[in-house]
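Numbering (my numbering), first residue to last: 12 to 121.
From the three backbone atoms N, C-alpha and C, an ideal C-beta is built for every residue, glycine too.
This one's a predicted model, so the numbers in the text were calculated from it and none came from an experiment.
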Amino acid sequence: MSESLESLMSRLQAEYLNEIPQRLEELRTVLSEYAKEQAGAGKRLHVLFHRLAGSAGAYGFGGVTDCCRTAEGMLQGPASPPEVTQQLKSLIEKIEETFAAGPTTFPIAP
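Structure (structure tokens):
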């Protein structure tokens, strides 16, 4: 990777990481709605996990992608919100810890 491309990728990764606290807060907010069985919250939560799964992998956070895919599977399963809410909360905490630990791979250049 050339020095300028590496610098660009590092900058993009830093910008992405700056957005993560807001995205985690949004996940927690919608999870709270889901726990209260508010209409549409499960679908919104699934979309948030799906989007985070894709972007995290692109920026070198494969562990986050794995957690998000697990959450997606739980949301598509037969369990009711009260049955999976605590597990989803734990996954969000693990996602936060994984982001804090840093990327496991450098993002792939275009």
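Measuring CB to CB, does residue i end up less than 8 Å from residue j?
i, j, result
"residue 81", "residue 102", "yes"
"residue 25", "residue 92", "no"
"residue 51", "residue 114", "no"
"residue 61", "residue 44", "no"
"residue 42", "residue 86", "no"
Give every residue of the same chain whose Cβ lies closer than 7 Å to the Cβ of residue i, excluding the five residues on either side of it in the sequence, and list them in chain order.
i, result
"residue 107", "35"
Do you know how far the Cα of residue j is from the Cα of residue i?
i, j, result
"residue 96", "residue 73", "23 Å"
"residue 112", "residue 105", "10 Å"
"residue 22", "residue 116", "15 Å"
"residue 89", "residue 40", "22 Å"
"residue 33", "residue 54", "19 Å"
"residue 94", "residue 49", "15 Å"
Identify, in the order they occur along the chain, each residue of the same chain with its Cβ nearer than 6 Å to the Cβ of residue i, setting aside the five sequence neighbours on each side.
i, result
"residue 76", "64, 67 and 68"
"residue 110", "31"
"residue 78", "102, 105 and 106"
"residue 38", "59 and 103"
Go to residue i, then tell me how far its alpha helix (DSSP H) extends in each direction, as first and last residue.
i, result
"residue 93", "92-112"
"residue 52", "52-69"
"residue 76", "73-87"
Is it buried or exposed for residue i, if we count other Cβ within 10 angstroms and need 16 for buried?
i, result
"residue 58", "exposed"
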